[in-house]
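In UniProt numbering, the protein residues as written are 1 to 472.
Where a beta carbon is used, it is the ideal one built from N, C-alpha and C, also for glycine.
Since we're looking at a predicted model, the values are computed, not measured.
Spelled out as structure tokens, the structure:
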């Protein structure tokens, strides 16, 4: 049961004790209730507890009880009281209003709480709970081998000596193997030495198949010519005399059986050589054709990479890039008007032909700006925004010209009109190819961020369904 003691008052006085004392707990009222009969006040919890111990719900003073809320003047007096936190002895130095007190003590960092882990009966301050959590010996932690939950104080012993899933190093192949299956691993370890049953040589298990297939002198193999079966050690001598074994001609590299070698005349050899050369020439011609086709594909790919298109990365997240980078649009579920930029690739010193397919806000614009404005646009109505932008409504934002920045010029564009943007390190120009309106400004880097002076051609979309495309 919560109690607010008089010794917690910052300014304690007999008058306050007389006016604010519960007649049951003899401490400061908490949620005071009033008896209509005798006008005495009690803590709501005290009154409930008192009534539970009586045969009938009654007032402790007059034995008659008709409850009502405590008087407003008493509640106002209580709310003006300054009190110390009940956890002052634990280090809390807070001085609180009565109205704040009960919210504060629920989360006071100096409140003592029991450790939540079974077996640990330690009382800790709430502020130290996380620190204790990192060292509590009764906290269950997961074994890195078997994933079983083990008490922290037993975990090291379990992982080092007890867990059957713990991995140990094989003394032969150095592999780490769970100790539970180490015996099986030793029987099949690739570094284990086995004795060949035919030649009695000591062979590692990993080399045993290769030994049987290519090396063991006692293995029975078949002659590639006469098909006679002999031990490998005898087959070497047999192949040196077998008439059916094929031998390669030193001149034409043709495989010829030993018995036919004497009939392989010079004329036959040269005929075979001529055929080999003819085949190689056809292969070289085919390879040359393949290289030409590959070169054409590389050139085409290079041209595609150098095409003027919208960037998929230097853009606002709301902008969608479609049609292989040639069209951009805003598709939103809500109408929110603000600047959303997207950069145009591979366009320096090249005319960029742009057409707006839909305009919902005539503050949409084209121009050039620094990289940082693409992701975090500045206020272009103010000076030093490091941009040259041309809006559909004719307003221009020019970084190095205070007189023209934010002013309306004899220029503008609407849906379906082709625009031509051109820029380099010296100037930027914009032309409406339909109305022949034209603007050009020399670029000054005087007010630009020295760490970011590269300019990017950009398009600015403003509202839902705004859409544009690159024509070239």
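Can you tell me whether residue i is helix, strand or coil according to DSSP?
| i | result |
| --- | --- |
| residue 340 | strand |
| residue 194 | strand |
| residue 23 | coil |
| residue 43 | strand |
| residue 67 | strand |
| residue 311 | strand |
| residue 293 | helix |
| residue 90 | helix |
| residue 31 | coil |
| residue 117 | coil |
| residue 208 | helix |
| residue 54 | coil |
| residue 4 | strand |
| residue 471 | coil |
| residue 61 | coil |
| residue 473 | Residue numbering for the chain in the displayed model covers 1 to 472; residue 473 lies beyond these limits and cannot be assessed. |
| residue 112 | strand |
| residue 200 | coil |
Excluding the five sequence neighbours on either side, which residues of its own chain have a C-beta within less than 6 Å of the C-beta of residue i, listed in chain order?
| i | result |
| --- | --- |
| residue 192 | 205 |
| residue 311 | 343, 345 |
| residue 172 | 189, 191 |
| residue 363 | 391, 462 |
Go through its chain and collect everything with a Cβ distance to residue i's Cβ below 7 Å, but skip five positions before and after it.
| i | result |
| --- | --- |
| residue 196 | 203, 211, 216 |
| residue 350 | 308 |
| residue 402 | 383 |
| residue 208 | 194 |
| residue 269 | 249, 251, 252 |
| residue 347 | 308, 457 |
Beta-carbon within less than 8 Å of residue i's beta-carbon, same chain only, minus the 5 sequence neighbours each way: which residues are those?
| i | result |
| --- | --- |
| residue 445 | 453 |
| residue 442 | 426, 427 |
Under DSSP, the beta strand (DSSP E) around residue i begins and ends at which residues?
| i | result |
| --- | --- |
| residue 147 | Where residue 147 is concerned, there is no enclosing beta strand (DSSP E), given that its DSSP letter is neither H nor E. |
| residue 231 | 229-231 |
| residue 459 | 455-461 |
| residue 125 | 123-125 |
| residue 442 | 438-442 |
| residue 82 | 82-84 |
| residue 321 | 319-322 |
Can you round the beta-carbon distance between residue i and residue j to whole angstroms, since I take them to be within the 8 Å contact cut?
| i | j | result |
| --- | --- | --- |
| residue 59 | residue 35 | 4 Å |
| residue 353 | residue 471 | 4 Å |
| residue 388 | residue 398 | 6 Å |
| residue 110 | residue 91 | 5 Å |
| residue 42 | residue 62 | That belief does not hold up - the Cβ atoms of residue 42 and residue 62 are roughly 12 Å apart, past 8 Å. |
For the alpha helix (DSSP H) containing residue i, name the first residue and the last one.
| i | result |
| --- | --- |
| residue 20 | 14-20 |
| residue 98 | 98-107 |
| residue 184 | 182-188 |
| residue 75 | 72-79 |
Using a beta-carbon distance below 7 Å, is residue i in contact with chain B?
| i | result |
| --- | --- |
| residue 404 | Annotation note: the requested chain B is absent from the structure, which comprises a single protein chain. |
Which runs of the beta strand (DSSP E) at least 3 residues long sit entirely within the UniProt zinc finger region "TRAF-type" (132-178)? Give them in chain order.
List check, beta strand (DSSP E) in window: 140-142, 149-151, 167-169, 176-178.
Could I get the ranges of all uninterrupted alpha helix (DSSP H) runs contained in the segment 392-435, with 4 residues as the minimum, in chain order?
none
Along the chain, which unbroken stretches of the beta strand (DSSP E) at least 3 residues long are found entirely within the segment 325-390?
327-330, 340-345, 352-358, 365-370
Taking only runs that begin and end inside the UniProt zinc finger region "TRAF-type" (238-269), name each unbroken beta strand (DSSP E) of 3 or more residues, in chain order.
246-248, 255-257
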